[in-house]
Structures are given as C-alpha cells and as structure tokens.
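Enquirer: Line order of the protein sequences matches chains X and R.
Residue numbering for the first sequence follows the working numbering, beginning at 272 and increasing consecutively.
Residue numbering for the second sequence follows the working numbering, beginning at 78 and increasing consecutively.
For every residue, glycine included, the Cβ atom is placed at its ideal position computed from N, Cα and C.
Note that this is a predicted model, so its numbers are computed, not measured.
Structure below; questions to follow.
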Amino acid sequence: DAGVIQSPRHEVTEMGQEVTLRCKPISGHDYLFWYRQTMMRGLELLIYFNNNVPIDDSGMPEDRFSAKMPNASFSTLKIQPSEPRDSAVYFCASTPTSVGGELFFGEGSRLTVL
Amino acid sequence: GQQVMQIPQYQHVQEGEDFTTYCNSSTTLSNIQWYKQRPGGHPVFLIQLVKSGEVKKQKRLTFQFGEAKKNSSLHITATQTTDVGTYFCAGWTGGGADGLTFGKGTHLIIQP
Numbered sequence: 272d273a274g275v276i277q278s279p280r281h282e283v284t285e286m287g288q289e290v291t292l293r294c295k296p297i298s299g300h301d302y303l304f305w306y307r308q309t310m311m312r313g314l315e316l317l318i319y320f321n322n323n324v325p326i327d328d329s330g331m332p333e334d335r336f337s338a339k340m341p342n343a344s345f346s347t348l349k350i351q352p353s354e355p356r357d358s359a360v361y362f363c364a365s366t367p368t369s370v371g372g373e374l375f376f377g378e379g380s381r382l383t384v385l
Numbered sequence: 078g079q080q081v082m083q084i085p086q087y088q089h090v091q092e093g094e095d096f097t098t099y100c101n102s103s104t105t106l107s108n109i110q111w112y113k114q115r116p117g118g119h120p121v122f123l124i125q126l127v128k129s130g131e132v133k134k135q136k137r138l139t140f141q142f143g144e145a146k147k148n149s150s151l152h153i154t155a156t157q158t159t160d161v162g163t164y165f166c167a168g169w170t171g172g173g174a175d176g177l178t179f180g181k182g183t184h185l186i187i188q189p
C-alpha cells in the first residue's frame, strides 16, 4: 500500500495567490482529515470527511479556506487568497472505520507564503 | 473545549539515559494514542491505550494510561539516536473527530 499521498511536498507562493493542496487517502479508508501544524499551535484539525461528506469544518480558520472531496480517492484543500500567516505544514490523514482509531498521515505539504 | 497538555516541551538527554513525556487531559478520555514524528517527517502511530490503568510495552518504550483515564505517559529506556523526534499524545473523548485532540508534543534531543 502506498499510504496517504500528498502533493505538492513544498509550495512557496506570494501573498494573495491561490494555493491548492491535494491528498489521496489509503484505499478503503472512510475518513479523511486535514490538519495544520505550526510550532506555535501544534497540530490543529481543520476539517474531516466521512465517505466524502464534510462532517466538521469548525477548525477551518476562515472563509479563505475551503476543502472538497469529490470522490473516495481525492481531496483538496484550497486557500484563496493566501496570507503569510497561512505558512505551515498541512497534513492529510485517513483512517478506515472509526474517528477514534489510528490515523495514517501523509508526508505533508510545507507551505510558505511570502 | 477539551485540552491536552503535554510536558516537557523539550527534553535533552545523553544517549543511554531514560526519557519520559507526560500527557494530561482536562476531560476523561475514551482512549489515548501516541505518535512519533521524526524531524522533517510526519506523525506515525505508535500505540493506542483504551483501558483504565493499562500498560503496554514496545521494546524499550513503555506506555501507561492513568486510572482516571485523564493522563498518560511514555517512557523510553536507554535512549538511542534513533529515538530522536517529537512524541505526541492524542486524546479522544468519543463522538466525532473533533473529540481527538493532540498535545503539542515533546521534542526529544539526544546528545551522543
């Protein structure tokens, strides 16, 4: 199994630009999560999906952030317009059957907004 | 909301010394998970504890879940350079994924 696949691994962009991060969960996993990691705030849950349906997006910072999961094998996290404070590592994770179970993390997308 | 506090934030040890990180929740947990993140890497699941007072071992690592299910610890015996990284606890109160809260982690730095 290839694990959770994220792209891009690194993204450097200028303030105001649109950023799209992509994630392919492990096949057969029903839950997909987007986390943001910074030194100051640690790992923060942004949003999670169950069977492609967004369940809880209360962690999404503001309207500039949006996430979609058009099918079971693909999800995107979009930031428009990006700001320097969005600089962080964004992780996608999936789990097979229970939100309380083991999370399988992707390698992350390191975003730098200048 | 639920808070999970983890201490210490940083721990420097000499190779061969023991290491312990502690996790405390403001609410009773259904389970607690531990993850390890190597520098520049991603969190990798180590273990999950469910029962009150549970103790589990993985080679040199010992994990404990408190009797009240509000605290947990990870102890590493005789650290090795391969143990370098950040150790996170994640407490789950049940319900949805918003009930899973990560501590901020303990950064383990090992001096050879």
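Any beta-carbon of chain R closer than 7 Å to the one on residue 345 (chain X)?
Expert: Along the first sequence, read from residue 1 onward, the residue named residue 345 (chain X) stands at position 74. Taking Cβ atoms only, chain R never reaches closer than 7 Å to residue 345 (chain X), which makes this a no.
Enquirer: Quick one: list the residues of chain X neighbouring residue 107 (chain R), beta-carbon separation under 7 Å, in chain order.
Expert: Taking the first residue of the second sequence as 1, we reach residue 107 (chain R) at position 30. In chain order: 371.
Enquirer: Give me the Cβ distance between residue 298 (chain X) and residue 344 (chain X), rounded to the nearest whole Å; I'm assuming they're in contact under 8 Å.
Expert: In the first sequence, residue 298 (chain X) corresponds to position 27, counting from 1. In the first sequence, residue 344 (chain X) corresponds to position 73, counting from 1. Yes, they are in contact, since the Cβ atoms of residue 298 (chain X) and residue 344 (chain X) sit about 7 Å apart, within 8 Å.
Enquirer: Using a Cβ-Cβ cut-off of less than 7 Å, list which residues of the segment 308 to 325 of chain X approach chain R; keep chain order.
Expert: Per Cβ criterion, the list reads 313, 314, 316 and 319.
Enquirer: Identify, in the order they occur along the chain, each residue of the same chain with its Cβ nearer than 8 Å to the Cβ of residue 373 (chain X), setting aside the five sequence neighbours on each side.
Expert: To locate residue 373 (chain X), count along the first sequence from 1; it is residue 102. Cβ neighbours of residue 373 (chain X) beyond the five flanking positions: 366.
Enquirer: In terms of DSSP beta bridges, what is residue 158 (chain R) paired with?
Expert: As a position in the second sequence, residue 158 (chain R) is number 81, starting the count at 1. Answer by DSSP bridge pairing: none, since residue 158 (chain R) is not bridged.
Enquirer: Of the choices R:89, R:79 and R:80, whose alpha-carbon is the least far from that of residue 183 (chain R)?
Expert: In the second sequence, counting from the first residue as 1, residue 183 (chain R) sits at position 106. Residue 183 (chain R) has its Cα closest to that of R:89, out of R:89, R:79 and R:80.
Enquirer: With 7 Å as the threshold, decide whether the Cβ of residue 181 (chain R) is near any Cβ in chain X.
Expert: In the second sequence, the residue the question calls residue 181 (chain R) occupies position 104. By this cut-off, residue 181 (chain R) is an interface position.
Enquirer: Is residue 177 (chain R) closer than 7 Å to residue 195 (chain R) when the C-beta atoms are compared?
Expert: Only positions 78 to 189 of chain R appear in the structure, and residue 195 (chain R) is not among them; the question remains open.
Enquirer: For residue 261 (chain X), which of helix, strand or coil comes out of DSSP?
Expert: A question about residue 261 (chain X) goes unanswered here, because the residues of chain X that appear run from 272 up to 385.
Enquirer: Taking the CB atoms as reference points, tell me whether residue 290 (chain X) and residue 353 (chain X) lie closer together than 7 Å.
Expert: By one-based count along the first sequence, residue 290 (chain X) stands at place 19. By one-based count along the first sequence, residue 353 (chain X) stands at place 82. Their beta carbons are under 7 Å apart, which means residue 290 (chain X) touches residue 353 (chain X) by this criterion.
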